[in-house]
Amino acid sequence: MNDAPVSESNAAETAAHACAVLEHVVKSVVGDPDAVVVKADASGAESVSLTVAVGDGDMGRVIGRRGRIANAIRTVVRAAAVRDGVSVDVEFLD
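The letter at position 39 of the sequence shown is residue 94 when you use this note's numbering, and the numbering goes up by one with no holes.
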């Protein structure tokens with residue numbers, strides 16, 4: 056694991072696998088994959104916050120009933136982040 060703190064400029068590179076997995080999964084779920092935007096920000100020494108924005112009308116598909124799809128996406132992305140050696144938090148913006 057890398058002991059250097061995560062800066063905001065390289066947050067996306069630090070969690071490259073997690074970002075790629077998140078983008079792929081969300082684009083697979085939504086109706087308009089071109090509107091998906093994934094943004095990475097450093098939120099701590101070894102933590103990255105991933106923010107997802109989707110097109111109009113697609114947020115319900117991403118969240119799912121009772122948040123089950125959103126929780127499944129978070130679980131898969133956290134598993135991918137293990138390969139990057141960082142912990143991630145996934146937020147969905149409306």
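Glycine included, C-beta positions come from ideal geometry on N, C-alpha and C.
Look at the stretch 69–131 and you find these whole runs of alpha helix (DSSP H), each 4 residues long or longer: 71–84 and 114–118. Here Val145 carries a strand assignment [DSSP, helix/strand/coil]. Measuring C-alpha to C-alpha distances from Glu101 to each of Ser142, Ala73 and Ala108 identifies Ser142 as the nearest.
Within a 10 Å sphere around the beta-carbon of Ala97 sit 16 or more other beta-carbons, which makes this residue buried. Sequence-distant partners of Ala66 (beyond 5 residues in either direction) whose C-beta falls short of 6 Å from its own C-beta, in its chain, are Ala95, Asp96, Ala97 and Val103.
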